[in-house]
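Per our numbering: the sequence shown = residues 1068 to 1315. Backbone N, C-alpha and C define an ideal beta-carbon position, used for all residues, glycine too. Scroll down for the structure; my scribbles are underneath it.
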Amino acid sequence: MRIYSAPDYYHASRIAANIISAQVIMKPDCVLGLATGSSPIGAYEQLVRWYEKGDIDFSEVTTVNLDEYRGLEESNDQSYRYFMNEHLFDHINIDKSRTHIPSGTEPDAEKACADYDSVIQKCGGVDLQLLGIGHNGHIGFNEPGVAFEKGTHIVSLSENTRQANARFFDNDMQKVPAYAITMGIKNVMQAKKILLIACGEGKEEIIKQAFTGPITPELPASVLQLHNDVTIVGDRMALSGLMAAADR
Ligand code: F6R
C-alpha cells in the first residue's frame, strides 16, 4: 500500500491525476474504473487541463463507473451519467460509447446488474479503479454489512449516506433516491490497481480504521487491505489518523 499525503485537496487531486494519466500513457487502451462524489472532481479537472494542453489522449480508453442511483434518468442533473459528462467526458476526446455506467432506469434490476457484470468482463477487467470513501466506510455504494463476494447489485441506501448526499438534492430528503445500483466489492477487488482518493472533512477516523483496523464487512473499505496494489492519495487532514497510526 502506498500513501501520498498532500497539503490540500488541490495537491492531492494533482497526484491522483498524475497516477491516472500515467496509466493512460502506459496503456492507451486501458480500462479505468471511475467514481463520482466530491473527492475525484479535482483530479478530473486536472485531467481535462492536461488533455487541453495535448498531454493526454483518451481516444482508446474505456471507462466503467462504480455506481448510479436507481430511478434517475441520465438527463437528471443528479444522475452519475450527468456528473461524469459534466466533469470529464464532455471535455476530453473519449469515445462515449466506451463509457459505461450501471443503468439506473432498466426496470429489471437483476438484468441491469448481470448486464453490468458482463460489460466489465467484456472490457477485460479494470486496470485502475478510482475510489472515494464514505463517512461510514462505504466504497461505491457498498454500505456496511455488504457481503464481500457480491458483484454488481442493488442497494438500499443507508440514512447516513442519503443524508450525506442530500446537499445535492436541495437538502430535501424526499428527493434523495432510496436505492442505487453499484459494482460489488468483488468487482472492485478484481481491479488490477486501486487508487483511493481520501479527501473531505471528518474522514480521518474512518480512513484510519479502514486501513489499520479489522477487515470486516461492517467497514467495507477495510477489504482493501487484502488487495495487493492500493494507492491512497489524500489531504493531510483526511490522512492524519492513518499517518499517526503508521508512525507508531
Ligand atoms: C461515488 C461513490 C461513493 C463516494 C463516497 C465519497 O461514485 O462511489 O462511494 O466515493 O460516497 O463521496 P465524496 O467523495 O463526495 O466524499
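Does the distance from the C-beta atom of residue i to that of residue j stay below 8 Å?
{"i": "G1199", "j": "I1273", "result": "no"}
{"i": "C1097", "j": "D1194", "result": "yes"}
{"i": "L1197", "j": "L1155", "result": "no"}
{"i": "V1255", "j": "I1206", "result": "yes"}
{"i": "D1302", "j": "A1079", "result": "yes"}
{"i": "S1106", "j": "I1264", "result": "yes"}
{"i": "A1233", "j": "C1266", "result": "no"}
{"i": "E1119", "j": "P1095", "result": "no"}
{"i": "V1213", "j": "R1229", "result": "no"}
{"i": "K1217", "j": "K1253", "result": "yes"}
{"i": "T1219", "j": "C1190", "result": "no"}
{"i": "T1279", "j": "A1312", "result": "yes"}
{"i": "S1072", "j": "M1310", "result": "yes"}
{"i": "W1117", "j": "S1088", "result": "yes"}
With respect to the alpha helix (DSSP H) encompassing residue i, which residues constitute its N-terminal and C-terminal limits?
{"i": "R1148", "result": "Y1147 to H1154"}
{"i": "H1220", "result": "Taken as a continuous stretch (DSSP letters only), H1220 belongs to no alpha helix (DSSP H), being part of the beta strand (DSSP E) at H1220 to S1223."}
{"i": "D1134", "result": "That residue, D1134, is in no alpha helix (DSSP H); its beta strand (DSSP E) goes D1134 to Y1136."}
{"i": "Q1230", "result": "E1226 to N1232"}
{"i": "E1127", "result": "Note, E1127: premise wrong, no alpha helix (DSSP H); not H, not E."}
{"i": "N1254", "result": "I1252 to Q1257"}
{"i": "E1272", "result": "E1271 to T1279"}
{"i": "K1189", "result": "A1176 to C1190"}
{"i": "I1108", "result": "I1108 to E1119"}
Ignore the nearest five residues each way along the sequence and tell me which others in residue i's own chain have a CB closer than 8 Å to its CB.
{"i": "I1282", "result": "S1289, V1290, Q1292 and L1293"}
{"i": "S1142", "result": "Y1149"}
{"i": "Y1077", "result": "G1109"}
{"i": "G1192", "result": "V1098, Q1257, A1258 and K1259"}
{"i": "Q1090", "result": "C1097, L1099, D1194, L1195 and K1260"}
{"i": "P1074", "result": "D1302 and R1303"}
For residue i, which residues in the same chain have their Cβ closer than 7 Å to its Cβ, ignoring the five residues on either side in sequence?
{"i": "E1140", "result": "S1146 and T1172"}
{"i": "G1308", "result": "E1271, E1272, I1274 and K1275"}
{"i": "G1251", "result": "N1209, K1217, G1218, T1219 and H1220"}
{"i": "D1314", "result": "none"}
Need the endpoints of the beta strand (DSSP E) that residue i sits in, please.
{"i": "T1249", "result": "Y1246 to T1249"}
{"i": "L1263", "result": "K1260 to A1265"}
{"i": "L1099", "result": "V1098 to L1101"}
{"i": "L1195", "result": "L1195 to L1198"}
Who pairs with residue i in a beta bridge, going by DSSP?
{"i": "Y1076", "result": "In the DSSP output, where bridge partners are listed per residue, Y1076 has none listed."}
{"i": "V1300", "result": "Y1071 and I1264"}
{"i": "H1167", "result": "V1131"}
{"i": "N1238", "result": "In the DSSP output, where bridge partners are listed per residue, N1238 has none listed."}
{"i": "N1209", "result": "I1206"}
Less than 6 Å between C-beta atoms, sequence neighbours within five positions excluded: which residues of the same chain meet that for residue i?
{"i": "I1070", "result": "I1299"}
{"i": "F1208", "result": "D1134, V1222, A1247 and T1249"}
{"i": "S1225", "result": "E1210"}
{"i": "Y1136", "result": "G1171, P1244 and A1247"}
{"i": "F1125", "result": "I1159, N1160 and I1161"}
{"i": "A1102", "result": "L1133, L1197, L1198 and G1199"}
{"i": "A1176", "result": "I1221"}
{"i": "N1227", "result": "N1203"}
{"i": "D1068", "result": "The residue you asked about is not Asp; residue 1068 is Met in the sequence shown. If we look at M1068 and ignore the five residues flanking it on each side, its Cβ neighbours are V1297."}
{"i": "E1285", "result": "P1211"}
{"i": "T1166", "result": "T1130 and F1156"}
{"i": "A1277", "result": "G1204, L1286, A1288 and S1289"}
Taking CB distances under 8 Å as the criterion, tell me whether residue i reaches chain C.
{"i": "N1152", "result": "Looking at the structure shown, chain C is missing, and only one protein chain is on hand."}
Indicate whether the contact test is met: 3 or more Cβ pairs, each with one atom in the stretch 1081–1091 and one in the stretch 1105–1118, closer than 8 Å. As far as the Cβ criterion goes, the stretch 1081–1091 touches the stretch 1105–1118, which means the pair count is three or higher.
Any contact of the stretch 1143–1161 with the stretch 1124–1134, i.e. 3+ C-beta pairs under 8 Å? At 8 Å Cβ cutoff, the stretches touch.
Does the stretch 1234–1249 come close enough to the stretch 1169–1177 to have 3 or more Cβ pairs within less than 8 Å? With a cut-off of 8 Å on Cβ pairs, the stretch 1234–1249 is in contact with the stretch 1169–1177, counting three or more such pairs.
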